[in-house]
Structure formats: structure tokens, C-alpha cells
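Down below is the structure, laid out as C-alpha cells.
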């Protein structure tokens, strides 16, 4: 955004349905023109879990000759990623989201990466992908990334074959398990009169944000922490979304997210903790 401001690039924003949290793909028919060069979209919202129809958005973008950059950081722990199916030209991920170290990556076809000339250290190699690196690669972190991927591939005990084949089976298992846990959490919180859950997307990751009557999000997060529940408060970098919803003026919201290692007992504990805030 800062670079766009410095260079005079026009940035258009798609609008979210503030009631449901959905990002309608049809609006891109009006937003995109032959002058559009790049469309950036999330594969899943880290705030309210929404999973937009990225493939439909990408199809519209490619129709006008634009490239598609997909932020899959939040989606990666919960769904199987397939750049071809998504229509992504660039895909961003970060391993800390799926039990790995704090190292991120932007994935793209080497031929596409070769078309760009990034600012780099003068002595750094000109070849792809080296010219995109900031120095010597953190090999120890890369080893952790590989181990984290292997961990995900082992989550379905009955899976066999290549690592990709095992990932396909494991992520399907993860999706079913997390979906059941999340339905338990989501249903319970929405039934509480003192709680407002933001959005109600039809397709989402096991993530939600909520507010509690007469309490600021920071107060709620501190009370949950006192009872051994880890929750975020604020906007978690989803500032524009929370501006649209109208919660930033009161401190944002409280975020809860589930992973494959969470249990039904833990969900019930969280539900009881939030219920006790009434």
C-alpha cells in the first residue's frame, strides 16, 4: 500500500458483506478492467474465518490479464492448498501457522519470478529465486518447515503413498475434525445473549471473532487468559475489515481459533469461561 501511494498506483477495494462476512465474487466484474495488473485476495480471513471463492475471483482477474496474489497464511493449517485449483499466480504462506518455525514463503512459477527485478544486495546472485532472498537462507528454519509438513501428513494414520497423497488424506481428516469442534464452539457462543459473533460465513476456517456486552476486548482476553485460555484481542491486522464492521472504535474484537490438536473438553471450557462473563 505504501509503494502504491509512492508510485501513484490506483488501489481499489472489494467490499465485504458486513452482516455475513462474505466477500462476493460478482463485484469483481465491476472492479476489474484491462488496466488492472494485480488482484490480491485472502484464502481465509484470520479474523472471522471467511473463505472467499478465490477460484471465481482469479478467473475474473485472469480474464482481464491481471495476476493473482493469494494470502494463504491463515488457510494453510486447515485446508489443502492447490495453486492450480485456486488460480493463484503467487501464494503466500508462513510455517508458524502450521506448527513450524517463523519463516514465510511466496510461491510462484520460476518463469514468472524471472520477469521481475527486485531490489537486492548488489553481490547477491541474479538467478531466481536467490535474487529474492535477503541473504544466506535460514537452513535450520527450512528443516523445521519440512518437519512441520511431515507432521501434517501424518495426521491420518491410515494414509499412505507420497507425502502429497498423505497430505490430501490428512487435511481431509483435519477438516472434518476441526469442523465438528468449531460447530460446537460457534453454536454455543451465538446462543449467548451477551455475546456478538462477527459475521456468519457459509465457508470458513475454525476461527471467529466476538465481542461481549459492557466489556472491552482487552478485558475479555485478560479474563480468558486468567483461566488458561489463549485469545487475541484488537484487529489482528484486519483493520479495514473491522473498520467496515464498526468495532475498531471500541478496541476491535476477541479472536478464538481451533487447530487439529484441540479437544472437545477445551472447547467446553472456553464456552463456560465466556458464559461466566455475563
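Numbering (the numbering used here), first residue to last: 13 to 290. The beta-carbon is built from N, C-alpha and C at its ideal position, and this holds for glycine as well.
Count the other CB atoms within 10 Å of the CB of residue i; is the residue buried (16 or more) or exposed (fewer)?
i, result
"residue 69", "buried"
"residue 247", "buried"
"residue 110", "buried"
"residue 130", "exposed"
"residue 197", "buried"
"residue 203", "exposed"
"residue 273", "exposed"
"residue 257", "buried"
"residue 276", "exposed"
"residue 40", "buried"
"residue 238", "exposed"
"residue 21", "exposed"
"residue 137", "exposed"
"residue 188", "exposed"
"residue 254", "buried"
"residue 19", "exposed"
"residue 172", "exposed"
"residue 201", "buried"
"residue 45", "exposed"
"residue 178", "buried"
Helix, strand or coil for residue i, going by three-state DSSP, please let me know.
i, result
"residue 16", "helix"
"residue 38", "helix"
"residue 227", "strand"
"residue 289", "coil"
"residue 104", "strand"
"residue 194", "helix"
"residue 216", "strand"
"residue 258", "coil"
"residue 128", "coil"
"residue 120", "strand"
"residue 275", "coil"
"residue 142", "helix"
"residue 90", "coil"
"residue 163", "helix"
"residue 25", "coil"
"residue 280", "helix"
"residue 240", "coil"
"residue 68", "helix"
"residue 57", "coil"
Opposite residue i in the DSSP bridges: which residues?
i, result
"residue 245", "266"
"residue 79", "50"
"residue 291", "Nothing in the structure corresponds to residue 291, since the chain is present only between 13 and 290."
"residue 62", "216"
Got a sec? Which residues, its chain only, sit under 8 Å from residue i by beta carbon, not counting five neighbours each side?
i, result
"residue 13", "23"
"residue 133", "146, 147"
"residue 263", "228, 229, 230, 245, 246"
"residue 175", "161, 162, 165"
"residue 93", "55, 84, 87, 103, 105"
"residue 116", "85, 104, 105, 106, 107"
What does a CB cutoff of less than 6 Å around residue i pick up in its chain, not counting 5 residues either side in sequence?
i, result
"residue 56", "63, 86, 87, 217"
"residue 270", "190, 193, 194, 218"
"residue 119", "103"
"residue 100", "80, 82"
"residue 364", "Residue 364 lies beyond the residue range present for the chain, which begins at 13 and ends at 290; the question has no answer from this structure."
"residue 126", "140"
"residue 76", "44, 46, 48"
In chain order, what residues of the same chain lie with their CB nearer than 7 Å to the CB of residue i, ignoring the 5 residues before and after it?
i, result
"residue 113", "107, 153, 156, 157"
"residue 221", "59, 60, 210, 265, 266, 267"
"residue 250", "57, 58, 59"
"residue 185", "167, 168"
"residue 208", "222, 223"
Task: Stretch-stretch touch, CB-based, cutoff 8 Å, three pairs: the region 74-83 with the region 38-52 - done: yes
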